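Read the structure below first, then the notes.
2 protein chains.
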Amino acid sequence: MYMNRWDADQEKLAETPDLAALAALLADRTRAAICMALLDGGTWTAGELAEYASVAPSTTTEHLNLLVAGGLLAEERQGRRRYVRLAGPDTAETLENLAGLAPYRHVPIRSLAEANQRRALHHARTCYDHIAGALGCALVEVMTERGLLAREYGLVLTAAGAHWLTALGVPDTGPSLAHRAHVRTCLDWTVRRPHLSGALGATLYRHALERRWIVKSPTTRILSVTETGRTAFRDRLGLPDEALSPSLAFPAPRG
Amino acid sequence: MYMNRWDADQEKLAETPDLAALAALLADRTRAAICMALLDGGTWTAGELAEYASVAPSTTTEHLNLLVAGGLLAEERQGRRRYVRLAGPDTAETLENLAGLAPYRHVPIRSLAEANQRRALHHARTCYDHIAGALGCALVEVMTERGLLAREYGLVLTAAGAHWLTALGVPDTGPSLAHRAHVRTCLDWTVRRPHLSGALGATLYRHALERRWIVKSPTTRILSVTETGRTAFRDRLGLPDEALSPSLAFPAPRG
DNA sequence: CGGATGATTCGGTGCTCACCGAAATGTTAT
DNA sequence: ATAACATTTCGGTGAGCACCGAATCATCCG
Chain A
691 MYMNRWDADQ EKLAETPDLA ALAALLADRT RAAICMALLD GGTWTAGELA
741 EYASVAPSTT TEHLNLLVAG GLLAEERQGR RRYVRLAGPD TAETLENLAG
791 LAPYRHVPIR SLAEANQRRA LHHARTCYDH IAGALGCALV EVMTERGLLA
841 REYGLVLTAA GAHWLTALGV PDTGPSLAHR AHVRTCLDWT VRRPHLSGAL
891 GATLYRHALE RRWIVKSPTT RILSVTETGR TAFRDRLGLP DEALSPSLAF
941 PAPRG
Chain B
691 MYMNRWDADQ EKLAETPDLA ALAALLADRT RAAICMALLD GGTWTAGELA
741 EYASVAPSTT TEHLNLLVAG GLLAEERQGR RRYVRLAGPD TAETLENLAG
791 LAPYRHVPIR SLAEANQRRA LHHARTCYDH IAGALGCALV EVMTERGLLA
841 REYGLVLTAA GAHWLTALGV PDTGPSLAHR AHVRTCLDWT VRRPHLSGAL
891 GATLYRHALE RRWIVKSPTT RILSVTETGR TAFRDRLGLP DEALSPSLAF
941 PAPRG
């Protein structure tokens, strides 16, 4: 009888990815808000997240326990506080993808400050370790136009692009980030166009920060383009002025 | 007073991606199972899904309503039946990514047939429009070894790779699938290594099907390598024999 | 025109889980 | 030591929702 490697008396188990369990972690408004907040790539304390999400500290504890146990968050304890951050780039990328696919929800804007902040977010913000928002999308488009990136069986860095990078003074990162796909795009959830992620996106972001082309708000995910950045982006990439400062009008409604 | 485009008397609303709402769709065992089933790229009727997920037809109706309304599924009605499929490649890719990130769940194996089927699934299966499983992962590895793919600021098709493709007789797909990143990998949830997706993955899959290197089971996602396929994969790519037939042993437990 | 079939609507049931507050734990500061 | 602080534990409450069965609707078939 053909019973290849089958033992009836032994309990047999197979492993299946528990998609529902993972999704359940994100299926709660509060937990989703926490994850979106952590998409800035930073490290937050439990208390900060409690206030941000406007729930009791005890509730936050429960949520963080679940998210850490589920592998979405990494934690680090120091004394009486608990620091959490996203588990890694994979997690961030998946969250971004999900956000790009998600339906929109309308939230009221209560103050002028909030409106301005939102406009700034649409213009340029961090997305874990790279640049998102209109600026990030414009980068992809302009670099493609200029032949630094090309769509040939995938979005790739061309020879001209590699040359341009070294001319910028970017060290050849080589295998340092070899585990991530290097040129990646992900759907921007404000503009619904792709922006640059992956290792190349991360490299460009770091470089722009170092050269102070952009500065990051210490408390939010907002990036602003400095004066030197404005000229650099214009001279080295030909970025149009619209992409370099938050537009006065709200972004156009999505078609 | 600086009140740029702010009207106090007008109700202001901003749009935020509702991550929780999207995740809630997948946070249910039954709905998750439905989506995983549809990852074979096929079109199912409501009744088939009801039986597959072992819930009442009425329950299935409710689930499908939610999934369609949420944009994850596309539906098509013909007479008294309701056909559903995944909304598109983006959806499929996100689901795969999620599955790769999800924790594992142990499910009992009840019969020898089930064990064999599971082994076949691990070896080679469809993943929406490309090849997953050990075979899919081996493709990436071998093609990289042979210099057809390279990791230089991203996984790209090399010149040699492009040449190899045309030698295979693959028409230069050009912009036909321009909207998808062409060379993509996604984490295989059986082997936990990357397999080829994106437009290149889809192209290779179609080509292999046309040439009958592989055939797809009409009822499941299982792919099997034909005799011609075995020689083709060996001659043209140097795929090792282990990658060409389901191993007799269960896949090694993940480390 | 029935009768079979696929899908849907609806009411009801039971379970899960997000939330809070009060008290407890452990850490830093005075 | 004592006080202030960050976080956690626990019990209890309320709301949401996955599920089913029975009845209904729509379509296809003989």
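Protein chains in written order, with the working numbering: chain A, 691 to 945; chain B, 691 to 945.
All C-beta atoms, glycine included, are put in the ideal place defined by N, C-alpha and C.
In this text the structure is predicted, and so the values were computed from the model without any measurement.
Just reading off the beta strand (DSSP E) that residue i is part of, what are its end residues?
| i | result |
| --- | --- |
| residue 717(A) | Unbroken run through residue 717(A): none, as it is neither H nor E. |
| residue 758(A) | Taken as a continuous stretch (DSSP letters only), residue 758(A) belongs to no beta strand (DSSP E), being part of the alpha helix (DSSP H) at 747 to 759. |
| residue 933(B) | No beta strand (DSSP E) holds residue 933(B); DSSP gives it neither H nor E. |
| residue 875(B) | 874 to 877 |
| residue 706(B) | 703 to 707 |
What does residue i reach in chain B if we use C-beta pairs closer than 7 angstroms?
| i | result |
| --- | --- |
| residue 948(A) | Outside the displayed range of chain A (691 to 945) lies residue 948(A), so it cannot be described from this structure. |
| residue 856(A) | Chain B residues near residue 856(A): none, gap ~12 angstroms exceeds 7 angstroms. |
| residue 784(A) | 787, 788 and 791 |
| residue 719(A) | 710 |
| residue 849(A) | Within chain B, no residue comes near residue 849(A); the closest Cβ sits about 10 angstroms away, beyond 7 angstroms. |
Buried or exposed, going by whether 16 or more other CB atoms sit within 10 Å of the CB of residue i?
| i | result |
| --- | --- |
| residue 755(A) | exposed |
| residue 911(A) | buried |
| residue 878(B) | buried |
| residue 931(A) | exposed |
| residue 925(B) | exposed |
| residue 861(A) | exposed |
| residue 789(B) | buried |
| residue 908(A) | exposed |
| residue 936(A) | buried |
| residue 746(B) | exposed |
| residue 809(B) | buried |
| residue 744(A) | exposed |
| residue 760(A) | buried |
| residue 875(B) | buried |
| residue 865(A) | Residue placement at residue 865(A) is flagged as unreliable, the pLDDT there being 42, under the threshold of 50; the coordinate-derived value follows with that caveat. Exposed, since its Cβ has fewer than 16 Cβ neighbours within 10 Å. |
| residue 857(A) | exposed |
| residue 826(A) | buried |
| residue 721(B) | buried |
| residue 769(B) | exposed |
| residue 888(B) | buried |
Got a sec, what are the start and stop residues for the alpha helix (DSSP H) residue i sits in?
| i | result |
| --- | --- |
| residue 741(B) | 736 to 743 |
| residue 895(A) | 888 to 900 |
| residue 926(B) | 917 to 927 |
| residue 831(B) | 824 to 835 |
| residue 779(A) | 779 to 791 |
| residue 804(B) | 802 to 813 |
| residue 858(A) | 849 to 858 |
Can you list the residues of chain B that residue i reaches, using a CB-CB cut of under 9 angstroms?
| i | result |
| --- | --- |
| residue 796(A) | 703, 704, 705 and 706 |
Can you list the residues of chain A that residue i reaches, using a CB-CB cut of under 7 angstroms?
| i | result |
| --- | --- |
| residue 780(B) | 791 |
| residue 879(B) | 707 |
| residue 808(B) | 704 |
| residue 761(B) | 793 |
| residue 726(B) | 709 |
| residue 803(B) | None at all; the shortest Cβ gap to chain A is about 10 angstroms. |
| residue 743(B) | Those do not exist, as residue 743(B) stays about 12 angstroms from chain A at its closest Cβ, beyond 7 angstroms. |
My assumption, with CB atoms under 8 angstroms, is that residue i sits in contact with residue j. Please give the rounded CB distance.
| i | j | result |
| --- | --- | --- |
| residue 714(B) | residue 828(B) | Not confirmed; about 37 angstroms, so no contact. |
| residue 928(B) | residue 836(B) | 7 angstroms |
| residue 797(A) | residue 703(B) | 7 angstroms |
| residue 763(A) | residue 781(B) | Actually they are not in contact, since the Cβ atoms of residue 763(A) and residue 781(B) sit about 25 angstroms apart, beyond 8 angstroms. |
| residue 881(A) | residue 824(A) | 6 angstroms |
| residue 736(A) | residue 749(A) | Between residue 749(A) and residue 736(A) the Cβ distance is about 10 angstroms, and since that is not below 8 angstroms, they are no contact. |
| residue 896(A) | residue 918(A) | Incorrect: roughly 16 angstroms between the Cβ atoms, too far for contact. |
| residue 884(A) | residue 830(A) | 6 angstroms |
| residue 839(A) | residue 846(A) | 7 angstroms |
| residue 772(B) | residue 711(A) | Contact doesn't hold; Cβ gap of about 28 angstroms is too wide. |
| residue 757(A) | residue 821(A) | Incorrect: roughly 26 angstroms between the Cβ atoms, too far for contact. |
Please indicate yes or no: does the CB of residue i lie closer than 8 angstroms to some heavy atom of the ligand COA?
| i | result |
| --- | --- |
| residue 757(A) | This structure lacks the ligand COA; in fact it carries no ligand of any kind. |
Given that residue i touches chain B, what residues does it touch there, using C-beta distances under 8 angstroms?
| i | result |
| --- | --- |
| residue 799(A) | 702, 703 and 704 |
| residue 740(A) | The contacting residues do not exist; residue 740(A) stays about 18 angstroms from chain B at best. |
Determine the chain A residues that contact residue i at a beta-carbon separation under 8 angstroms, and present them in chain order.
| i | result |
| --- | --- |
| residue 898(B) | Simply none; closest approach about 17 angstroms. |
| residue 824(B) | Here the premise fails: no neighbours, minimum Cβ distance about 15 angstroms. |
message = Would you call the stretch 725 to 733 of chain A in contact with the stretch 810 to 819 of chain A, where contact means no fewer than 3 C-beta pairs closer than 8 angstroms?
response = yes
ask   = Taking three-plus beta-carbon pairs below 8 angstroms as touching, is the stretch 788 to 803 of chain B in contact with the stretch 889 to 898 of chain B?
value = no
query = Do the stretch 717 to 725 of chain B and the stretch 711 to 725 of chain A meet, that is, are 3 or more Cβ pairs less than 8 angstroms apart?
reply = yes
request  = Check whether the stretch 782 to 792 of chain A touches the stretch 847 to 860 of chain A, counting contact only when three or more Cβ pairs, one atom from each stretch, lie closer than 8 angstroms.
outcome  = no
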